[in-house]
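Enquirer: Here it is, the structure, as structure tokens.
2 protein chains.
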Amino acid sequence: MREPTFLVLAALADGAKHGYALIREVGAISAGRVTLRAGTLYAALDRLAGEGLVRQSGEEVVGGRLRRYYDLTDAGAEVLAAQAARLRENAAEADRRLLARRRTGTAPA
Amino acid sequence: MREPTFLVLAALADGAKHGYALIREVGAISAGRVTLRAGTLYAALDRLAGEGLVRQSGEEVVGGRLRRYYDLTDAGAEVLAAQAARLRENAAEADRRLLARRRTGTAPA
DNA sequence: TCAACATATACCGATGATCTGAGTATTACT
DNA sequence: AGTAATACTCAGATCATCGGTATATGTTGA
Numbered sequence: 001m002r003e004p005t006f007l008v009l010a011a012l013a014d015g016a017k018h019g020y021a022l023i024r025e026v027g028a029i030s031a032g033r034v035t036l037r038a039g040t041l042y043a044a045l046d047r048l049a050g051e052g053l054v055r056q057s058g059e060e061v062v063g064g065r066l067r068r069y070y071d072l073t074d075a076g077a078e079v080l081a082a083q084a085a086r087l088r089e090n091a092a093e094a095d096r097r098l099l100a101r102r103r104t105g106t107a108p109a
Numbered sequence: 001m002r003e004p005t006f007l008v009l010a011a012l013a014d015g016a017k018h019g020y021a022l023i024r025e026v027g028a029i030s031a032g033r034v035t036l037r038a039g040t041l042y043a044a045l046d047r048l049a050g051e052g053l054v055r056q057s058g059e060e061v062v063g064g065r066l067r068r069y070y071d072l073t074d075a076g077a078e079v080l081a082a083q084a085a086r087l088r089e090n091a092a093e094a095d096r097r098l099l100a101r102r103r104t105g106t107a108p109a
């Protein structure tokens, strides 16, 4: 799973959101590092819905504009948790090795 | 940056390695989750060398077989550290949101 | 006052980067 | 003869990115 997709799941983890809100939320939670494009978002939502990780959870009209909400399924929450654990492990492993590098001048082994 | 590329940098962080060793190392550091393919590896090495993150650091013949070594540049180490930090933050954010979800039944806001 | 622009919202298609799968080749050990 | 160790290539698939289209309302300056 790539970063934009991961961030979409993460953005949905604390409650249902509509597309436009997701775009803003992903920007916010990544501290501006990721600007989610509409094409990326809707393709990801389709894919994730197909995998049963996300589902549409209703529509609403606000100020004449339609809002279509999406939320995480339980399977989606599990996948997100597993993926987060994996990122944490990868990061930890990289840090461990970078430390070894610094300790030994530049390159052990 | 995707996971295989990240793991290649991580595998190089503690010292120069040759291609075949990298494939085994990436399998090991990801606890078997990632099986690096030769195509992925050599494409990644080319790309990373082009970006100045990795460089060839010599060749050696061992038991009649050539070993071509690669290692991380200082720029590569910096990029790896930055990327690791990013993964850590993304994972932390996801965990925070998953917690919020559990606290509130299934979906706040 | 009204045209112009910004903001909110949904969505599509072409392109491109990167990974995967499936190979070729060589030497040494069993 | 088969397997492990080693280097490498190429075609195809996946997914993200870029750059659109479309519509409605709110805001602003000539």
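Protein chains in written order, with the numbering used here: chain A, 1 to 109; chain B, 1 to 109. Heads up, the beta-carbon is just placed ideally off N, CA and C, and yes, glycines get one too. Owing to the predicted nature of the structure, the values given are computational and were not obtained by experimental measurement.
What alpha helix (DSSP H) runs, 4 residues minimum, are completely inside the segment 5-40 of chain B?
Expert: Segments of the alpha helix (DSSP H) lying fully in the segment 5-40 of chain B: 19-29.
Enquirer: Measure the CB-CB distance between residue 48 of chain B and residue 76 of chain B and report whether it falls below 8 Å.
Expert: Their beta carbons are under 8 Å apart, which means residue 48 of chain B touches residue 76 of chain B by this criterion.
Enquirer: Taking the C-alpha atoms as reference points, what is the distance between residue 30 of chain B and residue 1 of chain A?
Expert: Between residue 30 of chain B and residue 1 of chain A, the C-alpha separation is close to 15 Å.
Enquirer: Which chain B residues are close to residue 29 of chain A, counting only those with a beta carbon under 7 Å from its beta carbon?
Expert: Within chain B, the residues near residue 29 of chain A are 93.
Enquirer: Between which residues of its own chain and residue 13 of chain B is the CB-CB distance below 8 Å, once the five residues before and five after are set aside?
Expert: Hits under 8 Å: 72, 77 and 80.
Enquirer: Verify the CB distance criterion: does residue 14 of chain B have a CB-CB separation below 8 Å to chain A?
Expert: Answer yes: the Cβ-Cβ gap between residue 14 of chain B and chain A drops below 8 Å somewhere.
Enquirer: List in chain order: all unbroken alpha helix (DSSP H) runs of 4+ residues lying wholly within the segment 38-65 of chain B.
Expert: DSSP runs (the alpha helix (DSSP H)) wholly in the segment 38-65 of chain B: 38-50.
Enquirer: Check residue 88 of chain A in the structure and name its three-state DSSP category.
Expert: Note: residue 88 of chain A maps to helix in three-state DSSP.
Enquirer: For residue 2 of chain A, would you say it is in contact with chain B, using Cβ-to-Cβ distances shorter than 8 Å as the test?
Expert: True, the Cβ-Cβ gap to chain B drops below 8 Å.
Enquirer: Helix, strand or coil, according to DSSP, for residue 67 of chain A in the structure here?
Expert: Residue state, collapsed to three classes: strand.
Enquirer: Classify residue 103 of chain A: buried if its beta carbon has 16 or more other beta carbons within 10 angstroms, exposed otherwise.
Expert: So residue 103 of chain A ends up on the exposed side.
Enquirer: Nearest by alpha-carbon distance to residue 22 of chain B: which of B:70, B:52 and B:53 is it?
Expert: The option with the nearest alpha carbon to residue 22 of chain B is B:70.
Enquirer: Report yes or no: do three or more beta-carbon pairs, one from the segment 4-11 of chain A and one from the segment 87-97 of chain B, lie closer than 8 Å?
Expert: Segments in contact, yes.
Enquirer: Taking 8 Å as the limit between beta carbons, can you name the residues of its chain near residue 83 of chain B, skipping five residues before and five after?
Expert: The answer, listed in chain order, is 1, 6 and 9.
Enquirer: Answer yes or no: does any C-beta atom of chain B fall closer than 8 Å to that of residue 21 of chain A?
Expert: Chain B, which has no Cβ nearer than 8 Å to the Cβ of residue 21 of chain A, makes this no.
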